[in-house]
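Here's the structure, in structure tokens; my notes come after.
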Ligand SMILES: [Zn+2]
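Residue numbers (the working numbering), protein chains in the order written: chain E, 6 to 431; chain D, 74 to 314.
Structure representation (structure tokens):
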């Protein structure tokens, strides 16, 4: 690979800055490293990409997990450059390419708003678009606006193959103009943010499998890949079905829930387009048990917890379904720091009623908002500032558990993850 | 048997972007505390808006959804009829703007509202995002006396005409945009920028709406969890000044 000198020097300077940042105890330094490199060489991303970027993954929810599943599946062909900490803006992409195995194929997770720029500069072979829903509205673009930006991006980059979720009308609106596209019926459990047509504003008609708009005639595209999910008597099974009808059993995935099986189906479709062996891909994806701390079991203070992350109503709705059934108590931590979104009123869109029959330990800096939400949901709750303190006033039933689920917003999640003495099962 | 209070949640799929569904949840919850029976109709676009509801609730929404909701409400006419029949209305943010004479659509063009509140909305120079604290006016509804707390997130500057009173006066945050007033009220029709959700953080407003509907005074019921939340939010604002 022939990287221009300016970019090579910029990367060197970035590495020094990152090392300094690590020494100062300010984290892994990838953001600072990428920022320094980009400042010294504004075209660093283009220079580093040069045909190496196999796939970009973007979505409101699940992009970190999907990226990990795909990168792991593709590792059958040799090392893959892929960030491991969810740094998903331009700096993160630069850093993943600069520090990954030289010349290795790259799989990058990309923030929804940064996707147009990163697609343009890296010219990836495929782009996975899984879902778009509301996320932290006090600082993010409105969903429809984001979809229009993706649409323009796709028209301006006709060579890029798009793999998109046919079940999400907003994603379909964004992706439908693609010259090369593979539709995946990846499902959409959360429909509250796509009730109207993003083009004409008409209320969408939905049935079990499809959706359509009576205003402009837009309908769900016919998918090439299908995804089947069954949950009966506490047992779940998931199957991906290829365009030729070949079935792939995803029941052995270690990542829990319908949405991770759906993510794996998107990843499998990408593997197929990139020419990888698919049974091998499924086998490798099943080895992924935790993704950047999500689903990891960690010791936090006096408690051993399974860490769950959700950032918005769609994500929370999925998490409530993978928690153990009542009466097992759970910890829910709600913060409203910058990275969480300052406004937690989305709590009222989350079906917390599903936690009925158990005691919720409400924590985080917005624990009082959560307590009122649970009061209205008729869910028993105790408000505890620090549930991990040895002397925390917790119900007996919590102390009796070997591992307790702790679902948290981003900054609360990161604090536990970083603070944990060691990940028991990362 | 006392009467069942009919609550109509107007187009929650279009107008409910900022947890405004919590307002209906709060009405249900607070009605139960006062032993008032309620029925809730969630109206989707395409469904008939009832003209005989006692309380109508409209939340906030994105631009496209706001225009779709305004068009559907125009075509229906039922909300205006309900107001004529003495119904109470709580409208938040985009819902508030729809009740005025005009608001701006996604392209920034003035779009016709329902004219149920004498207000017009254009653009603030800078989007208003953050905690909003306002004091109810002494001339306002008798049941609303406690300081109002909420979260605002809007780009609209709402100008009040002579046919409305401000709902409250701003002590922290932006509100309507003129530097002092927050929301608007005319009779039993309330418009406000208070998300949070509004009725969750300000149970007195819910009690006032219910009081109008059952035509009797309701004593304020204090819930410890709600008071703790209100105190914490108000402390947060006074500390961050
Ligand atoms: Zn349409």
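Idealized CB from N, CA, C, for every residue including glycine.
Note that the structure is a prediction, hence the values are computed from the model and not measured.
- Task: Pick helix, strand or coil for residue 195(D), following the three-state DSSP scheme.
- Result: For the purposes of this step, residue 195(D) is taken as the residue at position 122 of the second chain. Here residue 195(D) sits in strand by DSSP.
- Task: Take the Cβ of residue 249(E) as the centre, count every other Cβ of all protein chains shown within 10 Å, and call the residue buried at 16 or more, exposed below.
- Result: Mapped onto the first chain, residue 249(E) falls at position 244. Exposed, since its Cβ has fewer than 16 Cβ neighbours within 10 Å.
- Cβ of residue 155(D) within 9 Å of Cβ of residue 183(D)? Taking the first residue of the second chain as position 1, residue 155(D) is located at position 82. Taking the first residue of the second chain as position 1, residue 183(D) is located at position 110. The answer is no: Cβ separation not under 9 Å.
- Message: Applying the 10 Å Cβ sphere with the 16-neighbour rule, what's the burial state of residue 144(E)?
- Response: As a first step, residue 144(E) is located in the first chain; it is residue number 139 there, counting from the start. The predicted position of residue 144(E) is uncertain, since its pLDDT is 45 and thus under 50; a value taken from the coordinates is nonetheless stated next. Using a 10 angstroms sphere on the CB of residue 144(E), the tally of other CB atoms stays under 16, which defines it as exposed.
- Message: Below 9 Å on C-beta distance, what does residue 140(D) contact in chain E?
- Response: Numbered from its first residue, the second chain carries residue 140(D) at position 67. Neighbours of residue 140(D) on chain E, chain order: 206.
- Query: For the candidate residues 27(E), 12(E) and 377(E), whose alpha-carbon lies nearest to that of residue 295(D)?
  - Reply: Here residue 295(D) is taken as the residue at index 222 of the second chain, counted from 1. Of the candidates 27(E), 12(E) and 377(E), the one whose C-alpha sits nearest the C-alpha of residue 295(D) is 377(E).
- In chain E, what lies closer than 9 Å to residue 107(D) by C-beta? Start at 1 with the first residue of the second chain, and residue 107(D) comes out as number 34. By Cβ distance, chain E contributes nothing, its closest Cβ being about 15 Å from residue 107(D), past 9 Å.
- Mind pulling the chain E residues with CB within less than 9 Å of residue 278(D)? Taking the first residue of the second chain as position 1, residue 278(D) is located at position 205. Result: empty, since nearest Cβ-Cβ is about 15 Å, beyond 9 Å.
- Can you find a heavy atom of ligand 1 that lies under 8 Å from the Cβ of residue 447(E)? The structure shown does not extend to residue 447(E), since chain E is modelled only from 6 to 431, so the question has no answer here.
- Classify residue 110(D) as buried or exposed, calling it buried when 16 or more other Cβ atoms lie within 10 Å of its own Cβ. The sequence position of residue 110(D) within the second chain is 37, counting from 1. Exposure of residue 110(D) is indicated by the presence of fewer than 16 other C-beta atoms within 10 angstroms of its C-beta.
- Message: Quick check: what's the CA-CA separation for residue 431(E) versus residue 411(E)?
- Response: Your numbering for residue 431(E) matches position 426 in the first chain. Your numbering for residue 411(E) matches position 406 in the first chain. With a pLDDT of only 42 at residue 431(E), under 50, the local geometry of the prediction cannot be trusted, and no value is derived from it.
- Determine the contact status of residue 65(E) and residue 140(E), defining contact as a CB-CB distance below 9 Å. Working through the first chain from its first residue, we reach residue 65(E) at position 60. Working through the first chain from its first residue, we reach residue 140(E) at position 135. Judged by beta-carbon spacing, residue 140(E) lies within the 9 Å limit of residue 65(E), meaning their Cβ atoms are closer than that value.
- Query: What's the gap between the Cα of residue 54(E) and the Cα of residue 106(E)?
  - Reply: Here residue 54(E) is taken as the residue at index 49 of the first chain, counted from 1. Here residue 106(E) is taken as the residue at index 101 of the first chain, counted from 1. Roughly 13 Å between the two C-alpha positions.
- Name, please, each residue of chain D whose Cβ falls closer than 9 Å to the Cβ of residue 380(E). Translated into positions along the first chain, residue 380(E) becomes position 375. Ordered by position in chain D, the residues that pass the 9 Å Cβ test against residue 380(E) are 102, 296, 298 and 299.
- Message: Quick check: is any heavy atom of ligand 1 less than 8 Å from the C-beta of residue 223(E)?
- Response: By one-based count along the first chain, residue 223(E) stands at place 218. Taking 8 Å as the cut-off, the C-beta of residue 223(E) counts as close to a heavy atom of ligand 1.
- Message: According to DSSP, simplified to helix, strand and coil, what is residue 431(E)?
- Response: Residue 431(E) sits at position 426 when you count from the first residue of the first chain. Below a pLDDT of 50, predicted positions are generally treated as unreliable, and residue 431(E), at 42, falls in that range; no measurement from the model is reported.
- Give the straight-line distance between the Cα atoms of residue 395(E) and residue 406(E), rounded to the nearest whole angstrom. Position 390 of the first chain, counted from the start, is the residue given in the question as residue 395(E). Position 401 of the first chain, counted from the start, is the residue given in the question as residue 406(E). Straight-line Cα distance between these residues: approximately 15 Å.
- residue 126(E) and residue 93(E) look like a contact to me (Cβ under 8 Å); what is the Cβ gap, rounded to whole Å? Here residue 126(E) refers to the residue found at position 121 of the first chain. Here residue 93(E) refers to the residue found at position 88 of the first chain. Wrong, their Cβ atoms sit about 15 Å apart, outside the cutoff.
- Query: Do residue 432(E) and residue 103(E) have their C-beta atoms within less than 9 Å of each other?
  - Reply: Shown here, chain E extends from 6 to 431; a query on residue 432(E) therefore has no answer.
- Task: Give me the Cβ distance between residue 189(E) and residue 138(D), rounded to the nearest whole Å; I'm assuming they're in contact under 8 Å.
- Result: By one-based count along the first chain, residue 189(E) stands at place 184. By one-based count along the second chain, residue 138(D) stands at place 65. Contact between residue 189(E) and residue 138(D) fails: their C-beta atoms lie close to 27 Å from each other, not under 8 Å.
- Query: Candidates 287(D), 269(D) and 286(D): which alpha carbon is nearest residue 306(D)'s?
  - Reply: Position 233 of the second chain, counted from the first residue, corresponds to residue 306(D). Measuring from the Cα of residue 306(D), the nearest candidate turns out to be 269(D).
- Query: Looking at the structure shown, is residue 231(D) part of a helix, part of a strand, or coil, going by DSSP?
  - Reply: If you number the second chain from 1, residue 231(D) lands on position 158. Residue 231(D) carries a strand assignment under DSSP once its states are collapsed to helix, strand and coil.
- Task: Hey, could you find the ends of the beta strand (DSSP E) residue 183(D) is sitting in?
- Result: Here the question's residue 183(D) lines up with position 110 in the second chain. In the DSSP assignment, residue 183(D) falls within the unbroken beta strand (DSSP E) covering 183-185.
- Message: Helix, strand or coil, according to DSSP, for residue 48(E) in the structure here?
- Response: Along the first chain, read from residue 1 onward, the residue named residue 48(E) stands at position 43. In the structure shown, residue 48(E) falls within a coil segment according to DSSP collapsed to helix, strand and coil.
- Going along the chain, which residues of its own chain have a beta-carbon closer than 6 Å to the beta-carbon of residue 51(E), five neighbours each way excluded? Here residue 51(E) corresponds to residue number 46 of the first chain, with the count starting at 1. Only 126 meet the Cβ criterion.
- Where are the alpha helix (DSSP H) runs, 4 residues long or more, that stay fully inside the region 111-165 of chain D, in chain order? Whole alpha helix (DSSP H) segments, 4+ residues: 136-149 and 151-157.
- Query: Where do the N-terminal and C-terminal ends of the beta strand (DSSP E) with residue 175(D) fall, by residue?
  - Reply: For this step, residue 175(D) is matched to residue 102 along the second chain. Residues 175-177.
- Could you tell me whether any non-hydrogen atom of ligand 1 is closer than 8 Å to the CB of residue 220(E)? For the purposes of this step, residue 220(E) is taken as residue 215 along the first chain, with counting starting at 1. Yes, since a heavy atom of ligand 1 falls inside the 8 Å radius drawn around the Cβ of residue 220(E).
- Query: So what does DSSP say about residue 143(E), is it helix, strand or coil?
  - Reply: On the first chain, position 138 is the one that residue 143(E) refers to. Unreliable positioning characterises residue 143(E) in this predicted model, as indicated by a pLDDT of 48, which lies under 50. The coordinate reading is nonetheless provided below. Residue 143(E): coil per DSSP, three-state reduction.
- Task: Give the DSSP bridge partners of residue 203(D), in chain order.
- Result: Position 130 of the second chain holds residue 203(D). Beta-bridge pairing links residue 203(D) to 225(D).
- residue 87(D): contacting residues in chain E (beta-carbon distance under 9 Å): Along the second chain, read from residue 1 onward, the residue named residue 87(D) stands at position 14. Listed along the chain, the chain E residues whose CB falls inside 9 Å of the CB of residue 87(D) are 200, 201, 206 and 208.
- Task: Look at the Cβ atom of residue 361(E), then the Cβ atom of residue 71(E), and state whether they are nearer than 9 Å.
- Result: Within the first chain, the letter at position 356 stands for residue 361(E). Within the first chain, the letter at position 66 stands for residue 71(E). Inclusion of residue 361(E) and residue 71(E) in the CB contact set at 9 Å is not warranted, their separation being larger than that value.
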